[in-house]
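A quick write-up on the structure given underneath.
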Amino acid sequence: MRWSHLSAPAGDDSLPDRAVPAAPPLPLALPGATVRTFDTPGFAGMTFYEIRAKSLINKVPGASRVPFEWTINPYRGCSHACSYCLSGDTPILLADGSTRPLSQVQVGDAVLGTMGAGPHRRYVPTTVLDHWTTSKPAFRVTLADGTRLVSSGDHRFLTDRGWRHVSPAEPGLPALAVGDRLSGVGGFADAPKESPDYRTGYLCGLVRGDAGAPAGARESDAWIRADSYLEDIPMHVALRWPELPSGSWYRGFLAGAFGATGYTDRLAVVFTSRDQGFLDRITDALTHLGLPSRRPPHPQLGEVYSVEVARDLWAALRFRHLTGVSGAPLDAAGVGVRSEPQLTVADIEDLGLTLPLYDITTGTGDFIADGVVSHNCFARNTHTYLDLDAGHDFDSKVVVKVNAGELVRRELAAPKWSGAPIAMGTNVDVYQRAEGRYRLMPPILTALRDFANPFSILTKGTLILRDLELLRQAATVTDVSLSMSIGFVDERMWRAVESGTPSPRRRLDAVARLTDAGFSVGVLMAPILPGLTDSDESIEETVAAIAAAGAASVSPLVLHLRPGAREWYAAWLTREHPELAPRYRELFRAGSYAPQSFQKEIGARVRMAARRHGLHRAAMGEARTAGANGAPATAYGVTGTTIREAEPQQLTLL
């Protein structure tokens, strides 16, 4: 199997005679992995798969566009990201107007989402890209109309104040509050129960409405449905007008009447008939169910009269859900999203329970949950090579190579190992939150120090400061390159795209501490987001902060969108900044990278800002080597004092 070399058989203590080429690690089904979960809040809903790997030093494929040959990745998957999830029985609005419990939604289903910015959003059909379940502490949100939504604290709803977390675990994130008004159409009506009254009403509406129809029309699905009802209800009973119709009878009557004479026109539901008395009954039934309707003043051609349900998304959905009609196409594309008083938050309650919760990823990044606009998690392909899904698995299922320290020591001692520089943090951050528990880096750094093997670390994690003494020791015997990734200092942008990582300010503090310890720290100013963090003001503010932290160099890198990351980012962009979508389509129409001309323009602007702040600017795609012993070093495209242009490399936003 393509990943078999990454897991050592039980009891196998043999030493590989060489480092093996980089390849995807094991799937979770591989026997021998130890599965662990932790009760601490920081790891709620996460699963760690502890394996004993065969190899740790991996060779980068020759076709890769990165300026290094060897890597170490003690983790696969990332614990930086959050979960957004709802109770499995929450009804989700499908694109055809029907609903389905969230637990039963499937990848490929067409659902209704939204596009736009702020209050100016419109409904659009979208596709479910991923679906998963987890267990999280549960909260219940109650609205003024009585709608109750059970979700995790991380879950976000769209309000009149923007996206709000139900009960965010991290300080500073926008939180939902009593009095906030959610956006959407309001709670969905329950589907009708096929009681005797409903069935009798259905037969009455169908037979009376279909009285003048040709015989061939009676082969329709509506009549097939009626045949099963006629087994228990005599026709003469079905044709009576009841003196005091029940709500169930009205629901069935409208469903039958629609099957006989109804059709849809975008949001409108229309009934036609030459029998005005029959249409009067339809109007009465609609009124009884609280559905507004109108009678056009003039009949259609051939003296055909009509009744129309109000051309409104709420009315269109309520009619479908109350009556249980099928075969009534809904076209809600382009309809504006509204925020109504009945969607005001009346209560937010911590249930004190950990419940199984579900989430989906859609093309628009949101969906309609029991009538309100609901945020979803993003999907990335960075985990698919693990034989795991691209969304939740990346965030919640982390493969941990628990024998990393002993394994790297053995590989460094192998006769065939050349002592080449090793890059860390270029795929998954080695200083992600999980490292605080597993502590894989100290034995790795100790082995690299003992064998005087040059290495580099690129991270967004301030946990690197824990290993400062080991880094100092290694720098006395070999070349150590330390780089911090800081693409921007805008706190709002950080919360939007990197909220699972330490804040930019904390990363800048880490740069300052590493610099004070004697390291020449490079900052990879990445990713620079076109239209969001590439303005003169953003570049100036970020470069100024990097210089003030004592960084030795700054290396700009424009956002690079590989498949997987491309879909993740596109979903976020079209939801939060749809006005930028045309620009991104133009910039990335040729593939994963922005045009060279655009990258060079950004590089020139960063270089000018760096000069203004007395900061040496490294080349595009390069992070400067930081050898504390003063010896020439080679890493990330730098050799001694010679700076060369390096191929762009992908950095995760997480």
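Each position in the sequence shown, counted from 1, maps to that position plus 419 in my numbering.
Note that CB positions come from ideal geometry on N, CA and C, so glycine has one too.
As the structure is a prediction and not an experimental result, all values here were calculated from the model.
Under the rule that a run must span 3 or more residues, the beta strand (DSSP E) segments found entirely inside the region 704–748 read 724–728. Its Cα nearest to that of Glu854, the residue Arg495 stands out among Arg495, Arg700, Ser506 and Thr763. A residue is called buried once 16 or more other Cβ atoms fall within 10 Å of its Cβ, and Asp935, having fewer, is exposed.
Rounded to the nearest angstrom, the Cβ distance from Pro587 to Gly572 is 6 Å, consistent with a contact under 8 Å.
Contact between Pro921 and Thr881 holds: CB atoms are separated by about 5 Å, below the 8 Å threshold. Within the same chain, Cβ atoms closer than 7 Å to the Cβ of Ala514 are found at Ala529, Val530, Leu531 and Pro544, the five residues on either side in sequence being excluded.
At a Cβ-Cβ threshold of 8 Å, Pro775 and Ser570 do not count as neighbours. Look at the region 995–1029 and you find these whole runs of alpha helix (DSSP H), each 4 residues long or longer: 1000–1006.
Here DSSP, grouped into helix, strand and coil, assigns Ile511 to strand. For Val656, there is no enclosing beta strand (DSSP E); the enclosing alpha helix (DSSP H) covers residues Met654 to Ala657. Classified as buried, Lys879 has 16 or more neighbouring CB atoms from the shown chains inside 10 Å of its CB. Of the residues Asp684, Val896 and Leu1034, the one whose Cα lies closest to the Cα of Ser972 is Leu1034. Residue environment: Ala893 is assigned as buried (16 or more neighbouring CB atoms within 10 Å of its CB, all protein chains considered). Around the beta carbon of Trp660, fewer than 16 other beta carbons sit within 10 angstroms, so the residue counts as exposed. Around the Cβ of Gly838, a 10 Å sphere holds fewer than 16 other Cβ atoms; the residue is exposed. Restricting attention to Arg575, Ala747, Arg852 and Gly527, the CA atom closest to the CA of Val819 is found in Arg852.
In this structure, the straight-line span from the alpha carbon of Thr490 to that of Val977 is close to 23 Å. Judged by pairs of C-beta atoms under 8 Å, the region 746–761 does not touch the region 717–727, as fewer than three such pairs exist. Listed in chain order, the non-local C-beta contacts of Arg685 below 6 Å within the same chain comprise Asp750, local neighbours out to five positions each way being set aside. Annotation for Leu1006: Pro949, Ala1013, Pro1014 and Phe1017 place their beta carbon closer than 8 Å to its own, counting only its chain and skipping 5 residues before and after. DSSP, read as helix, strand or coil, puts Met912 in helix. A Cβ-Cβ distance of about 4 Å is found for the pair Asp629 and Ala679, placing them in contact under the 8 Å criterion. In the structure shown, Leu663 adopts coil according to DSSP, grouped into three states. Note that the C-beta distance between Leu831 and Ala788 is not below 8 Å. Look at Leu625 here: in three-state DSSP terms it is helix. Sequence-distant partners of Val754 (beyond 5 residues in either direction) whose C-beta falls short of 8 Å from its own C-beta, in its chain, are Arg541, Tyr542, Leu686 and Leu732.
Between Val728 and Ala734, the C-beta spacing is below 8 Å. The straight-line gap separating the alpha-carbon atoms of Val597 and Arg559 is approximately 12 Å. Between the alpha carbons of Arg981 and Pro834 lies a gap of roughly 37 Å.
The closest CA to that of Leu927, considering only Ala964, Ala1029 and Gly790, is found on Ala964.
Between Ser875 and Ser900, the beta carbon gap of about 4 Å places them in contact (Cβ cut-off 8 Å).
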